[in-house]
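If you're matching positions, the sequence shown starts at 0 in numbering that gives the first Met the number 0 and goes up one per residue.
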Amino acid sequence: MIDYHIHSTYSIDGLSPLHLYVGTAQRFCLGEIGFAEHVDLNPCLGGYKFLDYGSYAASVEKLRIDAPLQIRCGLEVSYESHLESSIKNFIEDAKCDFVIGSIHEINNITMDSTFLKQSNPLDYFREVERLITSSTFDIVGHLEYFKRWGGLYSPSEFRKGISGVLHLIIDHDIALEVNTSGLRHPIQDTYPSFEVIQWYRELGGELISLGSDAHSVKDMAFQFTPVIKKLKSHGFDTVATFNRRSLELVEL
0 MIDYHIHSTY
10 SIDGLSPLHL
20 YVGTAQRFCL
30 GEIGFAEHVD
40 LNPCLGGYKF
50 LDYGSYAASV
60 EKLRIDAPLQ
70 IRCGLEVSYE
80 SHLESSIKNF
90 IEDAKCDFVI
100 GSIHEINNIT
110 MDSTFLKQSN
120 PLDYFREVER
130 LITSSTFDIV
140 GHLEYFKRWG
150 GLYSPSEFRK
160 GISGVLHLII
170 DHDIALEVNT
180 SGLRHPIQDT
190 YPSFEVIQWY
200 RELGGELISL
210 GSDAHSVKDM
220 AFQFTPVIKK
230 LKSHGFDTVA
240 TFNRRSLELV
250 EL
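And the structure:
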């Protein structure tokens, strides 16, 4: 079992230190974990320049020495198209194992309970398209994240826009994250939903990553067993992992 979306105290909202995750991963019999610390390059965001990447990378390297499992040093970058140049420069300097690209706000509208009243999901999907075509990321993070707090949204109403995103993911050979954190949010669903995951598979999509989006050790690998079972029933048999930005497929 592999969890590729974990936040430690190197992220502004992380609650558990790196070493506690490693110990918990051993008890859970996880074979590999990927830390994905937040990178926010928008000065208006609370996490702006919070991450000390040098210290983070050194700490991960130290943990690797005696760990009986693979530990990957990753990033979750808040993508905003007007910051693309700064994002690319940061990632190039980081030399990490993998990078998740995620959308956390659109036009300065954060994805809280009011998002669907203020913004159109199509604006979100267009920004995800720009994220993908930037050719900067290994994984598309928590697709449909805006539905977190519920509201009037049905994937089928936006199938054309979503299918455009899924085609681009396939064409650019990057992974679609199956993020289980929504199962502990009011929406009680994965990001993206299995309806969207099925469309992805029908279009020929094969690359997926699996992440809990844990900010505390108690949420690591959250609901992975039933989600993995469901993924297998939808025709997925491998999960994407990365080493120095190089893709490796592991049995699901």
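Backbone N, C-alpha and C fix where the C-beta goes; we use that ideal spot for every residue, glycine too.
Hey, could you find the ends of the alpha helix (DSSP H) residue i is sitting in?
i: E194; result: 193 to 201
i: Q25; result: 17 to 26
i: Q117; result: 114 to 117
i: I169; result: 158 to 170
i: Y123; result: 120 to 132
Give the C-beta separation of residue i and residue j to the nearest angstrom, bearing in mind that I take them to be a contact with Cβ-Cβ under 8 angstroms.
i: G73; j: A24; result: 15 angstroms between Cβ atoms; not a contact.
i: H37; j: I1; result: That belief does not hold up - the Cβ atoms of H37 and I1 are roughly 20 angstroms apart, past 8 angstroms.
i: I207; j: V238; result: 6 angstroms
i: W198; j: S162; result: 6 angstroms
i: H141; j: S84; result: The Cβ separation is near 24 angstroms, so there is no contact.
Looking at the structure shown, is residue i part of a helix, part of a strand, or coil, going by DSSP?
i: N88; result: helix
i: Y52; result: helix
i: F223; result: helix
i: S153; result: coil
i: L142; result: coil
i: L44; result: coil
i: A66; result: coil
i: G181; result: helix
i: S10; result: coil
i: L74; result: strand
Quick one: using the 10 Å Cβ neighbour count with 16 as the cut-off for buried, is residue i buried or exposed?
i: K61; result: exposed
i: S134; result: exposed
i: S54; result: exposed
i: S155; result: exposed
i: A174; result: buried
i: G92; result: According to the sequence provided, residue 92 is Asp. The question's Gly does not apply to it. Burial call: exposed.
i: N178; result: buried
i: D65; result: exposed
i: S77; result: buried
i: K146; result: buried
i: S211; result: buried
Tell me which residue opens and which closes the beta strand (DSSP E) that residue i is part of.
i: T237; result: 237 to 242
i: L209; result: 207 to 210
i: H81; result: Element bounds for H81: n/a, residue is neither H nor E.
i: H37; result: 31 to 38
i: S101; result: 97 to 101
i: D2; result: 1 to 5
i: S215; result: Element bounds for S215: n/a, residue is neither H nor E.
Closest to residue i by CA distance: which of the options is it?
i: L182; options: I173, F193, I99, L175; result: F193
i: W148; options: I173, D172, M110; result: M110
i: T240; options: F114, I138, V127; result: I138
i: N106; options: Q187, V226, Y9, C43; result: C43
i: R63; options: I169, K87, G22, K159; result: G22
i: S118; options: H103, I131, L130, C95; result: H103
i: L14; options: S215, G234, D96; result: S215
i: K87; options: K228, Y3, I131, Y190; result: I131
i: E126; options: A220, H166, A213, S80; result: S80
Under 8 angstroms, Cβ to Cβ, is there at least one residue of chain C near residue i?
i: S134; result: In summary, chain C is missing from the structure at hand, where a single protein chain is found.
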